[in-house]
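*Asks:*
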Amino acid sequence: MAAVESFGLADLVVLAIFGLIIWFLHWLGRKSMTTRRKPWAPKAWPEISEESAIDYNPGGPITDKQAQKLFEAVLQAAIRQKADTILLDAISGRPQVRLRLDGQFQELAGVGDTESYRRLVAQARRSAGLPEPGDSSTGGRGSFLRLYRHGHLRDAGLRVENGEISYAFQEISRRNRAVRFELESYRAPGGEALKISVQPEMPVEGTRFDLGFAAASERKYIEAVRSRSGIVLLTGPCNSGKSTATYRALALLRDQGRKIITVEWPIEWMLPGTIQYWVRDGRNFDLRLGKCLRRAIDQKPDVLMVQNIDWIDYKDAMAAIDYAASGGLLITAVHIYDCAQALANMLCRYFSKRRQAAAEMFKIVVAPRQLFMVCMHCAEEYRVPAKTLAGAGMSDPPVAADGRVATWRGRGCPLCENNGKLGSTAVYEVLDITPEMRRFIENENDWNWDQVDYLRRQAWRLGMRTQRELALERVLAGDISLQEALLNTRKPKWLTAAQASRRRLAGGEA
31 MAAVESFGLA DLVVLAIFGL IIWFLHWLGR KSMTTRRKPW APKAWPEISE
81 ESAIDYNPGG PITDKQAQKL FEAVLQAAIR QKADTILLDA ISGRPQVRLR
131 LDGQFQELAG VGDTESYRRL VAQARRSAGL PEPGDSSTGG RGSFLRLYRH
181 GHLRDAGLRV ENGEISYAFQ EISRRNRAVR FELESYRAPG GEALKISVQP
231 EMPVEGTRFD LGFAAASERK YIEAVRSRSG IVLLTGPCNS GKSTATYRAL
281 ALLRDQGRKI ITVEWPIEWM LPGTIQYWVR DGRNFDLRLG KCLRRAIDQK
331 PDVLMVQNID WIDYKDAMAA IDYAASGGLL ITAVHIYDCA QALANMLCRY
381 FSKRRQAAAE MFKIVVAPRQ LFMVCMHCAE EYRVPAKTLA GAGMSDPPVA
431 ADGRVATWRG RGCPLCENNG KLGSTAVYEV LDITPEMRRF IENENDWNWD
481 QVDYLRRQAW RLGMRTQREL ALERVLAGDI SLQEALLNTR KPKWLTAAQA
531 SRRRLAGGEA
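Written as structure tokens, this is what we have:
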């Protein structure tokens, strides 16, 4: 009884305070668990919002806070549209923001007046760690990162439009991906201009090979890049998809434990687990490139990647080819339209006196072509006559009862900036160096235009599919529009006659 009487008000207050402390510590621990960052996501990386389109139009000079909002929206639009460069300039007489998508420029948002443009440039410079713009600080380079935590597509449910029910998705940022933005400032007419390169970082874990190859072509390409020695050649103009296919192949070899060294100018993708040399532009570029290439070869890598072998001098190119002849794998690229012409150019330039060695060293030649996809949010069916597809190069178009074929195109919506295209895909023309191709290479001495065309026909007869045929298949699948396929691929003159001959032979055998 005396023990109970000794328990007074002061003791109750102490117990209450102790309980409040325990509850606060428990609440703090639960909050830290729900907001804990991953170890590879530093606090300095801001996150992009989930707004699906830029709808910001102040109608006058903007404040610093509004400039920050607009700049983050531009970065989000660039990664959503899969752009490789953001350009801010006033060269045309008015400030503008443009995205470069696969070599084509698309205006994203009008900045407005000169004061708004100045604030937007200042915000970009602050993000890259550069001083405020001015006469003495114009120019410079910097970089910054953004982290994308959310999924790429989010279900938005059913919607009714013009009396038709369709399924809609809301496109938002990528999940758990860090993207580096390299900023370069330079003087230009109309004031300071900025070039911001978008460089997604390749994840360290195993990379799924999902570039859009046809099944048989993908198998041939993977077998070729897994070879212990030889040359893997990619060809095509700028922004055709050569770098993407190259880096995916390097990521595949990196996961197998190969020692990989790249020589680039500049480094387009950061690939952890490899040695990447960046040869800077400037005076004595060829001399520095030669020294860097010899340093890479002296380290005896399993795989050597030279960015563009047709951009370096003959002596350095022969050093890389000799490395492949001595038991290494060389992956490189040239800027020629198709596989046959690229192979003939390499043979005439570097293998004029050793055709037999060339026939053994070349493993595969790949010619990608990057194409804009139809925006899935505003896609509409568009029926074209079957004879149009047949004249374009399709062998047997699926004809409906009305004699037309269903294709798709985009009407234009705010998500795709009203151009009907969102994202890109690629088609890959693959020339596999089969035993028949090797015999043809060994026996041919004069590579004129007729012989190159004959090589194309022989490769097609042995199973190679042209870019036009592959693009038309993607048209039927609804991935790209017919106009996109016709504008960005060529139809060989002999293709229609060869397809007709193949159909006649198939009919005779039947």
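In short: position in the sequence shown from 1, add 30, done, that's the working numbering. Backbone N, C-alpha and C define an ideal beta-carbon position, used for all residues, glycine too.
What did DSSP end up calling GLY312 once you bin it into helix, strand or coil?
*Replies:* coil
*Asks:* Shortest alpha-carbon distance to LYS330 belongs to which of LYS289, ASP343, GLU514 and TRP295?
*Replies:* LYS289
*Asks:* Span of the beta strand (DSSP E) holding ASP368?
*Replies:* From DSSP, ASP368 is part of no beta strand (DSSP E); its letter is neither H nor E.
*Asks:* Is there contact between the stretch 354-370 and the stretch 259-268, where contact requires at least three CB pairs shorter than 8 angstroms?
*Replies:* yes
*Asks:* Span of the alpha helix (DSSP H) holding ALA355?
*Replies:* 344-355
*Asks:* Using a Cβ distance threshold of 8 angstroms, determine whether the stretch 392-402 contacts the stretch 367-379, with at least three qualifying pairs required.
*Replies:* yes
*Asks:* What first and last residue would you give for the beta strand (DSSP E) that runs through LYS250?
*Replies:* No beta strand (DSSP E) contains LYS250, which is instead part of the alpha helix (DSSP H) from 245-255.
*Asks:* Which first and last residues belong to the beta strand (DSSP E) in which ASP462 is found?
*Replies:* 451-462
*Asks:* Are the CB atoms of TYR307 and ILE351 nearer to each other than 7 angstroms?
*Replies:* no
*Asks:* What first and last residue would you give for the beta strand (DSSP E) that runs through GLY440?
*Replies:* 434-440
*Asks:* Does the stretch 399-408 come close enough to the stretch 438-446 to have 3 or more Cβ pairs within less than 8 angstroms?
*Replies:* Two segments are said to touch when three or more pairs of C-beta atoms, one from each, lie closer than 8 angstroms; by this definition the stretch 399-408 touches the stretch 438-446.
*Asks:* Relative to the alpha-carbon of GLN96, which residue among ALA154, GLN134, LYS112 and ASP41 has its alpha-carbon at the smallest distance?
*Replies:* ALA154
*Asks:* Tell me where the beta strand (DSSP E) around MET403 begins and ends.
*Replies:* 392-404
*Asks:* Is the stretch 451-458 touching the stretch 414-431 in the sense that three or more CB pairs, one from each, lie closer than 8 angstroms?
*Replies:* no
*Asks:* What is the DSSP secondary structure of ALA300, reduced to helix, strand or coil?
*Replies:* Checking the sequence shown, residue 300 turns out to be Met, not Ala. Coil at MET300, not helix or strand.
*Asks:* Would you decide whether LYS383 is buried or exposed? Buried here means 16 or more other CB atoms lie within 10 Å of its CB.
*Replies:* exposed
*Asks:* Closer than 8 angstroms is the cut-off here; do at least three beta carbon pairs connect the stretch 429-441 with the stretch 292-307?
*Replies:* No, because fewer than three Cβ pairs between the stretch 429-441 and the stretch 292-307 fall closer than 8 angstroms, the two stretches do not touch.
*Asks:* Quick check: the stretch 280-288 against the stretch 517-536, are there 3 or more CB pairs under 8 angstroms?
*Replies:* no
*Asks:* Please work out which residues of its chain come closer than 6 angstroms, Cβ to Cβ, to GLY170, disregarding the five sequence neighbours upstream and downstream, and give them in chain order.
*Replies:* LEU160 and SER215
*Asks:* Using a Cβ-Cβ cutoff of less than 6 angstroms, which residues in the same chain neighbour PHE402 once the five nearest sequence positions on both sides are dropped?
*Replies:* LYS451, SER454 and GLU514
*Asks:* Based on DSSP bridge pairs, tell me the residues matched to MET335.
*Replies:* THR292 and ILE361
*Asks:* According to DSSP, which residues form a beta bridge with PRO415?
*Replies:* ARG434
*Asks:* Just verifying my parser: in three-state terms, what is the DSSP assignment at THR526?
*Replies:* helix
*Asks:* Could you give the distance in angstroms between the alpha-carbon of VAL104 and the alpha-carbon of ARG441?
*Replies:* Cα to Cα, VAL104 sits roughly 23 angstroms from ARG441.
*Asks:* Would you tell me roughly how many angstroms separate the C-alpha atoms of TRP75 and GLY172, rounded to the nearest one?
*Replies:* Interpretation of TRP75 is limited by its pLDDT of 38, a score under 50 that renders its predicted location unreliable; the figure taken from the coordinates is listed afterwards. Roughly 15 angstroms between the two C-alpha positions.
*Asks:* Check whether the stretch 118-125 touches the stretch 146-153, taking contact to mean three or more Cβ pairs, one atom from each stretch, closer than 8 angstroms.
*Replies:* yes
*Asks:* Determine, using beta carbons only, whether ILE92 and SER146 come nearer to each other than 7 angstroms.
*Replies:* yes
*Asks:* Let me know the secondary structure DSSP gives ALA212 once reduced to three states.
*Replies:* Sequence inspection shows Glu at residue 212; the Ala mentioned does not correspond to that position. Here GLU212 sits in strand by DSSP.
*Asks:* Bridge partners of ASP119, per DSSP?
*Replies:* Bridge partners of ASP119: GLN126.
*Asks:* For GLN229, tell me which candidate among TYR484, LEU175, PHE48 and LYS99 has the shortest Cα-Cα distance.
*Replies:* Looking at the Cα atoms, LEU175 is the closest of the given residues.
*Asks:* Taking the alpha-carbon of ALA387 as reference, which of LYS225, ALA354 and ALA363 has the nearest alpha-carbon?
*Replies:* Minimum Cα distance to ALA387 is reached at ALA354.
*Asks:* Which of helix, strand or coil does DSSP assign to LEU39?
*Replies:* helix
*Asks:* Over the uninterrupted alpha helix (DSSP H) stretch that includes LEU263, give me the two end residues.
*Replies:* Here LEU263 belongs to no alpha helix (DSSP H); instead the beta strand (DSSP E) covers 260-265.
*Asks:* Would you call the stretch 322-337 and the stretch 285-299 touching, i.e. three or more CB-CB distances under 8 angstroms?
*Replies:* yes
*Asks:* Could you please give me the residues that DSSP links to GLN306 through a beta bridge?
*Replies:* THR292
*Asks:* Quick check: what's the CA-CA separation for ASP285 versus GLU298?
*Replies:* Going by the C-alpha atoms only, they are around 20 angstroms apart.
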